[in-house]
Amino acid sequence: MDTHHSQTKKTVYIIGHRNPDTDSVVSAAAYARLKHGLGHTQYTAVRGGKLSPQTEYIFERFKVPVPQYIPDMIPKVLYYMNDCRDSVGGDTSLWKAIATMEEKNKKILPVVNADGTYSSLLHYNAFAQNILKVMNPESETVFSTSIRLISETLSAQQFLAFHTEELFKCVTIVVADSFETFQKTLALHTPENAVVITANRLDIQEHSIESGVRALILSSGASMEKDLRHKAEKKGVSVLSSPYRSAETAMLVMYSAPVSTMADSDVRPVNMLDPIRKVRPLLQESVSRTLPVVDDDRRLVGTISESDLLRDANMEIILVDHNEISQAVEGIENYAIREVVDHHRLGNLTTKDPIMFINRPVGATATIIVSLYRQQRVPIQKEIAALLLSAILADTLVLQSATTTQEDRKIAEYLANITNLDIQQLGSDIITAASRIGDRNAGEVVRQDMKEYTEAGAVFTISQIEVHAPADVLFRKKEFLDELAIEYRSRKALFSCIMVTDITKLTSLLLIVGKPSFIQHLGFPRQDEGVYILNDIVSRKKQLLPLLIEQIEQIEGA
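First residue of the sequence shown? That's 1 in my numbering, and the numbers climb one at a time after it.
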């Protein structure tokens with residue numbers, strides 16, 4: 001069986017914000033590669049939302065695996081379970097299974113099928129109940145076993161062994177009385193199910209062989225005469241020599257039953273992706289306060305106990321491209337945040353312990369990631385360099401946004417040298433990939449790069465889309481305003497808006513739905529109902545957000 005010791009290192013997810021843009025997903029993927037290059041294999045890049053067409057295009061073009069999608073970080077069994085997979089097969093003897101529990105100091109032991117799927121659970125309550133049924137003096141002692149299991153449990157010497165794997169309904173007869181009494185006792189049972197335990201009584205041995213019993217066990221290490229061995233061979237009777245006395249041998253034979261017949265098949269496993277809130281009451285109801293954990297194919301992956309829930313999760317987090325809980329995937333607050341790598345304003349993040357917090361005023365988080373590679377003297381793989389260059393160009397509108405710094409430009413040139421890519425041509429390709437609205441659902445466009453903020457007690461969202469022709473959005477203005485209205489109402493927000501940036505003219509339009517008392521005081525030129533002109537504004541972070549915050553403070557404070 002698969003024995004797997006519990007992990008000593010916690011898994012660390014590197015994740016960007018919800019509704020991630022290209023910079024967010026690329027930074028997570030590239031930072032994970034850096035960690036791996038430094039020998040830290042426990043780091044995994046994940047993403048908290050659907051890929052935008054631009055991001056999808058970049059990963060496909062440069063043939064880099066996309067980070068796994070994690071819809072939320074609500075506490076799940078996976079993040080708290082013990083991944084030790086100690087188990088036994090259903091055809092293991094009860095004696096060997098109990099020895100495994102004792103050796104590994106386990107209160108429970110999962111029983112698995114030949115393909116590794118979960119079957120049942122051995123725990124001391126189940127064992128006690130089932131073994132008492134077998135040992136009940138008021139009923140006949142009958143249990144399933146095989147010659148192999150009996151031989152292994154007794155550490156017996158095999159003189160003859162037939163049909164060793166075949167299970168049969170065993171009746172154990174320990175000979176302690178007269179030959180006549182034994183004859184009568186054996187006559188009450190089907191010989192092929194009888195296992196006779198005796199010592200050096202030749203009459204008992206011979207009659208057992210002639211009757212065709214399933215097995216003859218010679219206790220105290222006894223041997224047998226050759227003529228009797230020859231008769232047993234002809235009759236197909238298995239003959240074993242046990243090193244134990246008759247009473248001890250009889251007891252051990254009962255413990256040779258397959259563990260599958262003694263385990264508790266009523267204990268249902270939990271799935272590794274089940275939320276803790278669902279599993280907690282199941283643990284309270286379980287006899288051993290521990291349950292087996294399986295994957296979607298019902299394969300055993302570990303166990304979880306009530307004590308596991310008292311410890312910290314076996315998961316930690318690195319946030320990239322954001323530092324605000326409101327922008328993170330749901331449930332992130334349940335885990336220790338180890339690092340933050342970001343280029344946005346400081347939000348409301350608090351941590352229990354000191355962490356590494358890198359926040360720099362550059363145009364893209366990808367720029368910071370490149371600097372970390374260089375600080376650590378780790379060469380950047382060509383395909384990762386292509387991703388990083390794409391992310392910088394996407395987040396800075398091909399180095400034309402107001403957020404672009406000299407460092408962004410230098411890093412872009414550095415990456416272009418690694419990849420032999422033309423900055424302007426690559427920029428044009430990725431902006432074109434982002435600007436294709438076509439038949440895309442308006443709700444998908446609104447939510448693909450939407451960020452939620454809280455200022456002066458007011459909640460609001462800002463989405464952004466870069467296009468070659470804003471007319472494509474204005475033509476479907478009602479669809480977009482309807483989707484913004486859904487976000488506005490569902491969040492009980494002050495407003496929800498989308499910034500439509502014209503990448504050819506480097507200006508934007510603002511489509512917005514919100515409280516009338518706020519909308520009527522907006523300080524931007526109004527083009528149409530719900531549509532405002534943002535002259536020379538292309539950056540959500542550096543230009544639009546500060547203007548909106550200023551207006552919120554003025555209006556809400558009035």
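A virtual CB, placed ideally from N, CA and C, is assigned to each residue, including glycine.
Measuring straight from C-alpha to C-alpha, what distance separates residue i and residue j?
i    : j    : result
L509 : K515 : 19 angstroms
A328 : I276 : 20 angstroms
Q381 : T367 : 15 angstroms
E560 : L319 : Because the chain spans 1 through 558 in this model, residue 560 falls outside it and cannot be assessed.
L216 : F179 : 15 angstroms
E285 : G302 : 19 angstroms
L34  : T365 : 14 angstroms
F62  : E383 : 6 angstroms
S151 : V12  : 48 angstroms
Q554 : F495 : 15 angstroms
K541 : V77  : 37 angstroms
P546 : G39  : 41 angstroms
V473 : I430 : 19 angstroms
A394 : D266 : 55 angstroms
G438 : S52  : 14 angstroms
T577 : D72  : The requested residue 577 does not occur in the structure, where the chain is confined to residues 1 to 558.
S435 : H468 : 6 angstroms
K226 : F159 : 11 angstroms
Using C-beta distances below 6 angstroms, list every residue in its chain close to residue i, excluding the 5 sequence neighbours before and after it, in chain order.
i    : result
Q527 : I533
T351 : I337
K107 : S288
T41  : none
F59  : V66
K9   : Q42
Can you name, in chain order, every residue of its own chain whose Cβ lies under 7 angstroms from the Cβ of residue i, other than the five neighbours on each side?
i    : result
S539 : S401, A402 and T403
T185 : I173
G16  : S24, V25, S27, A28, R47, G48, V320, D321 and H322
I549 : E455
T419 : K382, A385, A386 and L389
E324 : G347, N348 and L349
G443 : E483
C500 : According to the sequence displayed, residue 500 carries Val and not Cys. Excluding residues within five positions, the ones whose Cβ falls inside 7 angstroms are I465, V467, P470, V473, S508, L509 and L511.
R360 : H343 and I368
Please classify residue i: does DSSP put it in a helix, a strand, or coil?
i    : result
V195 : strand
P281 : helix
R311 : coil
M73  : coil
A458 : strand
K492 : coil
P292 : strand
R61  : helix
K451 : strand
F524 : coil
L51  : coil
P516 : helix
V213 : coil
K541 : helix
P137 : For P137, the predicted model reports a pLDDT of 45, less than 50, meaning its position is unreliable; a value from the coordinates is still stated below. Looking at P137 - three-state DSSP - the assignment turns out to be coil, as it is neither helix nor strand.
P546 : helix
I503 : coil
F475 : coil
H207 : helix
One question on the structure: do residue i and residue j come within less than 8 angstroms of each other, judged by their Cβ atoms?
i    : j    : result
Y79  : R47  : no
A257 : F143 : yes
Y57  : A433 : yes
R289 : L283 : yes
F168 : V175 : no
G331 : I14  : no
L397 : I503 : yes
A199 : A232 : no
C497 : L506 : no
V513 : K477 : no
L122 : M262 : yes
A493 : V459 : yes
Could you check whether the Cβ of residue i sits closer than 8 angstroms to any Cβ belonging to chain B?
i    : result
T404 : Protein chain content of the structure displayed is limited to a single chain, and chain B is not contained in it.
Spatial neighbours of residue i within its chain, please: C-beta separation below 8 angstroms, excluding the five flanking residues on both sides.
i    : result
F162 : I147, G236, V237 and S238
V213 : L186, P191, E192, A194, V195, V196 and V237
P137 : Unreliable placement is indicated for P137, whose pLDDT of 45 sits below 50; the coordinate value is still reported in the next sentence. Nothing meets the Cβ criterion.
A156 : I150, I217, L240, S241, S242 and P243
I355 : I337, R338, E339 and V340
V378 : L34, G37 and L38
D353 : A336
Please go through the segment 3 to 48 and give each complete alpha helix (DSSP H) segment of 4 or more residues, from N-terminal end onward.
If one requires a minimum length of 4 residues, the alpha helix (DSSP H) runs lying completely within the segment 3 to 48 are 22 to 37, in chain order.
Considering only residues of the segment 222 to 281, which uninterrupted alpha helix (DSSP H) runs meet the minimum length of 4 residues and lie entirely inside it, listed in chain order?
Runs of the alpha helix (DSSP H) inside the segment 222 to 281: 226 to 235 and 246 to 254.
Give the list of continuous beta strand (DSSP E) stretches no shorter than 3 residues that lie fully inside the segment 354 to 438.
Inside the segment 354 to 438, DSSP marks whole beta strand (DSSP E) runs of 3 or more residues at positions 356 to 359, from first to last along the chain.
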